[in-house]
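Sequence positions in the sequence shown follow mature numbering (1 follows the signal peptide of the UniProt record, and there is no 0) and run -20 to -1, 1 to 127. The beta carbon of each residue, even a glycine, is placed where N, CA and C say it ideally should be. Owing to the predicted nature of the structure, the values given are computational and were not obtained by experimental measurement.
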Amino acid sequence: MKSFFTLLVLWLYLSDLTKTLCSFDAKFSSKLQPFEPFTVYVTNNLPNNSPPLFIHCASGDNELGNHKLYVNNNFHWSFKLNFRQTTLYFCRFRWRGRNVAFDVFNTGIGDKCEGPHGNLCAWFVKQDGFYFGNDLPPRGLTKLHDW
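And the structure:
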């Protein structure tokens, strides 16, 4: 009987610990789950005959390197959300003397990536700024950043 009581107390403790860990940080969306897969696309939608777009993307753990994107070309990568739901990727964009950097994925953006093809975070670089959507081909894009 004593071992049953010990197992019951241990189970209750672990159950409470699991609840605490799953709600570790209230600022993150409860909609996202640890280890959930995501794919980020960055597509050059600059005008035809434009010079190439140069991008450099990374996270705290993954260096994705420098990439040269010609018009209508893209760069993409996939990953899984970490346990604490703090995964963050940023990119620096260079084109015609302009230089802009911002997060292309964080938990706030991740909430908006759920679409008809899973968790797809699609960025489209245009002459007037940076547009975001969650579908390919793009539909209903939202401009989030200027050059």
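- Straight-line measurement puts the Cα of Val80 at about 7 Å from the Cα of Arg74.
- Scanning its chain for C-beta atoms nearer than 6 Å, with the 5 sequence neighbours on each side dropped, one finds around Asn86 the residues Leu68, in chain order.
- The region 23 to 30 and the region 44 to 55 touch, with no fewer than 3 CB-CB distances between them shorter than 8 Å.
- Taking C-beta atoms as the reference points, Trp127 and Arg78 count as a pair closer than 7 Å.
- Burial state of Gln107 is exposed, judged by a 10 Å Cβ sphere holding fewer than 16 other Cβ atoms.
- Looking at the DSSP output, Ser39 shares a beta bridge with Tyr69.
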